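When the letters of the sequence shown are read in order and numbered with mature numbering (1 follows the signal peptide of the UniProt record, and there is no 0), they come out as residues -26 to -1, 1 to 321. Heads up, the beta-carbon is just placed ideally off N, CA and C, and yes, glycines get one too. All values derive from a computational prediction rather than experimental measurement.
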Amino acid sequence: MMKLNKALATVALAGSVAAMSAPAMARDTISIVGSSTVYPFATVVAERFGTKTDFSTPKLESTGSGGGLKLFCQGIGTQHPDITNASRRMKTSEFELCQSNGVTDITEFRIGSDGIVIASSKEAENLDITLEQLFLALGSKVPVNGEWVANPNKNWSDVDSSLPNKPIRVMGPPPTSGTRDSFNELALAAGCDELPEAASLSKDEHASICESVREDGAFIEAGENDNLIVQKLIGDTGMYGVFGYSFLEENADRLQAATLNGMIPTAEAIAADEYPVARSLFFYVKKAHVGVVPGIAEYVSEFTSNAAMGQNGYLKDVGLIVPPRAALMDLMDKAESMPNLTLDELK
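The following block contains the structure:
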């Protein structure tokens, strides 16, 4: 009887999803959207999954973390994505958007770590910079004589004479990117907080000043494709770029990383949260689609397997800073039980 009830429940769920999906056609391929940083890792998993199982290879789109979560939270049904990747944790506002659109059952997977680097061509003058100096170079407003004004610094040397005497030109991700969110919070805001003038800012002022990138051309938005930034840096020794550590590793023969707060980014420093701009990576699963779109549970199991994310796993080989064994065991348990994410966990 329990098996019959479970079967009937599955049929009912499939029916409700199909009804909510109209006029969309049913599909047998997993749809994944989200972070450009997580995209390369998810692509490797998807290709392995498609090769070693009878399921179709999942379809992935690099939409940025914010863009992916917006798509993910639009509703239940096969016209909406099944999984979204993110290079930062889901915001409470995004969780509430999901809930309001009927996406009430979500499982969160923290899949490892990454660091945000400031990189340049190996032919360029490398940066040795503090987070405070980085904020003074890229913040939309900076303090001058006790007043917050539009950033007047044109050259790096205007910030500090120890920095290169050349124009501040940095290419980075757009506001929809989780990398941009993390950069604003972990790099800019942290640098802003080193300034004595920041202590008197209200919460709203802090958010609008300390986490805002200048818009006068010194910071150039490059879209969601980090490889475009890499290619630009290789061809322009006056440009610096902001992206995830994994892209630096992929291009270590051509690019170099700036020293931030006296530290060069390494996998070990990022995993230990010693590097100042380290962050966690995630993906989120829409549980209502499990059992309706074939292979979701099996894809999650592959992603969280020892073969993928173990200390000798294939994701480590392509640059993911994998979780320690205890955390990986917890991920495997979570893949089995698929617990619901709660609002309290995000606060």
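The segment 175 to 194 and the segment 238 to 256 do not touch, with fewer than 3 CB-CB distances between them shorter than 8 Å. Annotated three-state conformation of G191 is coil, per DSSP. Counting other Cβ atoms within 10 Å of its Cβ, R299 stays below 16 and is therefore classed as exposed. In the structure shown, E106 falls within a helical segment according to DSSP collapsed to helix, strand and coil. A distance of 8 Å or more separates the beta carbons of G8 and I295. Less than 8 Å divides the Cβ of L105 from the Cβ of L234. Per DSSP, reduced to three states, the secondary structure at Q73 is helical.
For P141, the closest C-alpha among the options P148, G191, S151 is that of G191. Counting C-beta pairs closer than 8 Å gives fewer than three between the segment 265 to 272 and the segment 122 to 133, which falls short of the contact rule. S5 has K33 as its beta-bridge partners, per DSSP. Counting along the chain, no alpha helix (DSSP H) covers L255; the unbroken beta strand (DSSP E) around it starts and ends at 252 to 260. Scanning the segment 89 to 156 from its first residue to its last, the whole beta strand (DSSP E) runs of 3-plus residues come out as 115 to 118, 121 to 124, 144 to 146. Of the residues L169, G287, E242, Q48, the one whose Cα lies closest to the Cα of D88 is E242. Secondary structure of I50 (DSSP, three-state): coil. Residue burial annotation: S135 is exposed, with fewer than 16 other C-beta atoms found within 10 angstroms of its C-beta. Per the coordinates, the alpha-carbon of P117 lies some 20 Å from the alpha-carbon of L160. M237 has L234 as its beta-bridge partners, per DSSP. The C-alpha of T240 is placed about 32 Å away from the C-alpha of T25.
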